[in-house]
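Inspection log for the structure reproduced underneath, given as structure tokens.
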Amino acid sequence: MDAFLQSLKSFVDALGPTIMLPIIIFIVALVLGAKPGKAFRAGVTIGVAFIGINLVIGLMWTSLSDVAQAIVTNTGIQRDVVDVGWPSAAAIAFGSSVGLWVIPIAIAVNVVMLAARLTKTLNVDIWNFWHFAFIGSLVVAATGNLVYGLIAAAIAAALALFLADWTAKAVQHFYGLPGISIPHLTSAPIVPIAIAVDWVIDKIPGLRDIDLDTENIRKKWGVFGEPVVLGLIIGLVLGVIGYYNAEQPLVKILNTGMNLAAVMLLLPRMVQILMEGLIPVSEAAREFMQKRASDREIDIGLDSAILIGHPAAIASALVLVPIAILLSVILPGNRVILFADLAVIPFVVAMTAPLMRGNVLRMIIAGAVTLAIGFYIATAMAPLFTSAAVSSGFAIPEGAVQITSIADGFLWPPALFVGLVKVLGGILGLAVILLLLAVAMYFYKKHTTAWEIAAGAPKPESEASVTA
Amino acid sequence: MSKPKVILVACGTAIATSTVVAKGIEEAMRDRGINVTTRQCKAAEIRSRLSGVDLVVSTTPVPDDLGVPVIQTLAFLTGIGKEDVLNQIEQLLRED
Chain A
4 MDAFLQSLKS FVDALGPTIM LPIIIFIVAL VLGAKPGKAF RAGVTIGVAF IGINLVIGLM
64 WTSLSDVAQA IVTNTGIQRD VVDVGWPSAA AIAFGSSVGL WVIPIAIAVN VVMLAARLTK
124 TLNVDIWNFW HFAFIGSLVV AATGNLVYGL IAAAIAAALA LFLADWTAKA VQHFYGLPGI
184 SIPHLTSAPI VPIAIAVDWV IDKIPGLRDI DLDTENIRKK WGVFGEPVVL GLIIGLVLGV
244 IGYYNAEQPL VKILNTGMNL AAVMLLLPRM VQILMEGLIP VSEAAREFMQ KRASDREIDI
304 GLDSAILIGH PAAIASALVL VPIAILLSVI LPGNRVILFA DLAVIPFVVA MTAPLMRGNV
364 LRMIIAGAVT LAIGFYIATA MAPLFTSAAV SSGFAIPEGA VQITSIADGF LWPPALFVGL
424 VKVLGGILGL AVILLLLAVA MYFYKKHTTA WEIAAGAPKP ESEASVTA
Chain B
39 MSKPKVILVA CGTAIATSTV VAKGIEEAMR DRGINVTTRQ CKAAEIRSRL SGVDLVVSTT
99 PVPDDLGVPV IQTLAFLTGI GKEDVLNQIE QLLRED
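As they're listed, the protein sequences go chains A and B.
For what it's worth, this note's numbering labels the leading residue of the first sequence as 4, then goes sequentially.
For what it's worth, this note's numbering labels the leading residue of the second sequence as 39, then goes sequentially.
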């Protein structure tokens, strides 16, 4: 069994989402009753879309981390917890003892919860099971007990499904993604924080009336408000701060501007391809469910990458990059230096957009609050993160005492698991987390509409009308 | 084949739901022997994208004074009433 799981894991590890996702989508589409030809084309199209998204994210990644590094050099700050980025965190998670088991565990949790009607999300985003393994491997590092780590991973998978269900209506409406939910533990955790931030902003005269959504920026500033020009300007400003004293500053500044402009234009086009590939699957899923359970709706759980093409998510994330760097400088007690994961910020803020109605200013504030809290979470969890990395055979970057990453080292779910397990011990800590999740699910079930509106779902309205 | 009819498909983002609608229309109209091309845009961009358009299909509310027929529908997303909407589109395209 161990040998089988080992080979399954290394297989998935080696393939990555551009191959795993087409295979999974093909199988899911077939199981749901789509014609083989359509299912095959859908799978391939989705793989192509992810290759496209990865290309653009890679471009953003390179441009952003280069300029961010230059900005950090220019401001001359010293920090000893280095942000190694989520690809490293994913490698640590899949390379851990929990990573070996996380795929069958998370699938089992999903199947059981679907059968028991505790969730309506079918999570096909196998690649992002690494988030569950990440939490599990931190719990193992804290307790030294593999079983606690496996239970933690299972609870994390359930938490992701709950967050996906809760936010599904909001995401579907705002982003226009019918039949989709986002069981992604980098994106969903911000929602409770964003609800609190939104509530506070509504109490502040002046601030509450400011509407910075990209639609308004476009109207007021004309061409400067276009996403592509916005990306250019932000890229140029970042470039000036980072490269004013570099060799050939003008070349580097202009390149940064053009690259970020390209990201703003290309990312939405890639998501369009993804959507095209998803159509046969979501239609097959819908027909499958409508045939078998007329009152049952199922959402396909996907990577939040499909959200970050939205101009509000891109714009707020770009503005948050310098804010995050500033925070890392001025926050007292912080030891984290941001580096590789500055490009992950769109994933962190994307799900604030529905409840903040795409208001970029509010999204920036919610993102800044989340990141500010995150610096302290990351500083506190860095020793565990580092020891988890070492036990997965990960090479610690030279000169760094400890490591972290924004995804998910900055976020509250890993902190909640690790904190409670450390304070209360393995069994009691995990029991309390399970109880908290059960309580949240109970109240969500009891007041579903109110919870969904709080997460940004539209208030119930009449059905669509047809006018000629 | 005759000159293709141009359908402008609008939604909030010009990314997701308009893609579902555009592909749905293309496929169905091909089956019915009508030559169509689709363009996608944001609801807010409709007025500046109208030239040469025969029909507007939107998933969000749009103005009704555009001078071309407008169909606002969620049928492609919910599957409910999709056939009726397709019949309506076919009828409108065959009229002119």
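Even glycine gets a Cβ: it sits at the ideal position worked out from N, Cα and C.
- Message: Tell me which residues share the same chain as residue 67 of chain B and place their Cβ nearer than 6 Å to its Cβ, disregarding the 5 neighbours each side in the sequence.
- Response: Residues 74 of the same chain have their beta carbon placed closer than 6 Å to that of residue 67 of chain B, with the five preceding and five following residues left out of the count.
- Please go through the stretch 366 to 438 of chain A and give each complete beta strand (DSSP E) segment of 3 or more residues, from N-terminal end onward. Runs found: 405 to 407.
- Query: Would you say residue 61 of chain B reaches chain A, if we count a Cβ-Cβ gap shorter than 9 Å as a contact?
  - Reply: Output row for residue 61 of chain B: interface = yes.
- Item | Unbroken stretches of the beta strand (DSSP E), 3 residues or longer, contained in the stretch 118 to 194 of chain A | The stretch 118 to 194 of chain A contains these whole beta strand (DSSP E) runs: 124 to 126.
- Where does residue 452 of chain A sit, in a helix, a strand or coil, going by DSSP? DSSP, reduced to helix, strand and coil, places residue 452 of chain A within a helical segment of the structure shown.
- Message: My output table needs one value for residue 93 of chain B: the three-state DSSP class, helix, strand or coil.
- Response: If DSSP states are grouped into helix, strand and coil, residue 93 of chain B belongs with the strands.
- Message: In the DSSP output, what is residue 462 of chain A paired with across the bridge?
- Response: In the DSSP output, where bridge partners are listed per residue, residue 462 of chain A has none listed.
- Query: What residues from the stretch 246 to 279 of chain A come within 7 Å of chain B, judged by C-beta to C-beta, listed N to C?
  - Reply: Residues of the stretch 246 to 279 of chain A with a C-beta atom less than 7 Å from some C-beta of chain B are 271, 274, 275, 278 and 279, listed in chain order.
- Message: So, with DSSP's three-state summary, where would you put residue 214 of chain A?
- Response: DSSP places residue 214 of chain A in coil when its eight states are reduced to three.
- Task: Count the other CB atoms, across all protein chains shown, that sit within 10 Å of the CB of residue 374 of chain A; report buried if there are 16 or more and exposed otherwise.
- Result: The residue in question, residue 374 of chain A, is buried, as its Cβ has 16 or more Cβ neighbours within 10 Å.
- Message: Between which two residues does the alpha helix (DSSP H) holding residue 132 of chain B run?
- Response: 120 to 133 is the span of the alpha helix (DSSP H), which, as asked, contains residue 132 of chain B.
- Query: Taking Cβ positions, are residue 423 of chain A and residue 432 of chain A nearer each other than 9 Å?
  - Reply: Cβ distance < 9 Å, so residue 423 of chain A and residue 432 of chain A count as in contact.
- Item | Euclidean distance between Cα positions of residue 225 of chain A and residue 447 of chain A | In this prediction, residue 225 of chain A scores a pLDDT of 47, lower than 50, which makes its location untrustworthy; no coordinate-derived value is stated.
- Using a Cβ-Cβ cut-off of 9 Å, state whether residue 49 of chain B counts as contacting chain A. Residue-level contact check: residue 49 of chain B touches chain A, since one or more beta carbons of chain A fall below 9 Å from its beta carbon.
- Message: Report the CB separation of residue 162 of chain A from residue 416 of chain A in whole angstroms; it is logged as a contact under 8 Å.
- Response: Indeed, because the Cβ distance is near 6 Å, the residues count as touching under 8 Å.
- Buried or exposed for residue 247 of chain A, please, with buried defined as at least 16 other CB atoms from any protein chain shown within 10 angstroms of its CB. Here residue 247 of chain A is exposed, its C-beta having fewer than 16 other C-beta atoms within 10 Å.
- Indicate the three-state DSSP secondary structure (helix, strand or coil) for residue 272 of chain A in the structure shown. Helix at residue 272 of chain A.
- Message: Tell me the rounded alpha-carbon separation between residue 152 of chain A and residue 425 of chain A.
- Response: Residue 152 of chain A and residue 425 of chain A: Cα-Cα distance of roughly 13 Å.
- Item | residue 86 of chain B burial status per 10 Å Cβ neighbour count (16 or more: buried) | Exposed is the call here.
- Give the range of the alpha helix (DSSP H) segment to which residue 48 of chain B is assigned. In this chain, residue 48 of chain B is not harboured by any alpha helix (DSSP H); it is covered by the beta strand (DSSP E) spanning 43 to 49.
- Message: Does residue 313 of chain A pass the burial test, meaning 16 or more other C-beta atoms within 10 Å, or should it be called exposed?
- Response: Buried.
- Message: Give me, in chain order, the residues of the same chain whose beta-carbon lies closer than 6 Å to that of residue 44 of chain B; leave out the 5 immediate sequence neighbours on both sides.
- Response: Correct list, in chain order: 75, 90, 91 and 92.
- Item | Under 7 Å from the C-beta of residue 94 of chain B: neighbouring residues of chain A | The premise fails here: residue 94 of chain B is roughly 11 Å from chain A at the closest Cβ pair, so nothing lies under 7 Å.
- Task: Could you confirm whether any beta carbon from chain A is found closer than 9 Å to the beta carbon of residue 211 of chain B?
- Result: Within the shown structure, residues of chain B are numbered from 39 to 134, placing residue 211 of chain B beyond reach of any answer.
- Task: Just the chain B side, please: which residues come within less than 9 Å of residue 282 of chain A by C-beta, in chain order?
- Result: At a beta-carbon threshold of 9 Å, the residues of chain B lying near residue 282 of chain A are 57, 58, 61 and 62, ordered along the chain.
- the ligand ADP heavy atom lying under 8 Å from the CB of residue 406 of chain A: The ligand ADP is absent from the structure shown, which contains no ligand whatsoever.
- Neighbour flag for residue 76 of chain B against chain A, beta carbons, 9 Å: Nearest CB-CB separation between residue 76 of chain B and chain A: not below the 9 Å threshold.
- Message: Can you check which of these residues, A:143, A:377 and A:351, is closest to residue 334 of chain A by C-alpha distance?
- Response: Of the listed residues, the one whose Cα sits closest to residue 334 of chain A is A:377.
- Query: Going along chain B, which residues have a C-beta under 9 Å from residue 98 of chain A?
  - Reply: Among the residues of chain B, none has a CB under 9 Å from the CB of residue 98 of chain A; the nearest is roughly 35 Å distant.
- Taking the C-alpha atoms as reference points, what is the distance between residue 119 of chain A and residue 106 of chain A? Straight-line Cα distance between these residues: approximately 20 Å.
- What is the DSSP secondary structure of residue 225 of chain A, counted as helix, strand or coil? Only weak support exists for where residue 225 of chain A lies, its pLDDT of 47 falling under 50; the coordinates are left without a value.
- Task: Check whether the Cβ of residue 179 of chain A lies closer than 9 Å to any Cβ atom in chain B.
- Result: Chain B, which has a Cβ nearer than 9 Å to the Cβ of residue 179 of chain A, makes this yes.
- Query: Per the contact definition of three or more C-beta pairs closer than 8 Å, is the stretch 37 to 51 of chain A in contact with the stretch 277 to 288 of chain A?
  - Reply: In short, these stretches touch, since the Cβ pair count reaches three.
- Under the rule that 16 or more other beta-carbon atoms within 10 Å means buried, what is residue 58 of chain B, buried or exposed? Residue environment analysis places residue 58 of chain B among the buried positions, since at least 16 neighbouring C-beta atoms fall within 10 angstroms of its C-beta.
- Query: Which of helix, strand or coil does DSSP assign to residue 301 of chain A?
  - Reply: In the structure shown, residue 301 of chain A sits in coil (DSSP, three-state: anything other than H, G, I, E or B).
- Query: Are there 16 or more other CB atoms within 10 angstroms of the CB of residue 250 of chain A, so buried, or fewer, so exposed?
  - Reply: Exposed, because fewer than 16 other Cβ atoms sit within 10 Å of the Cβ of residue 250 of chain A.
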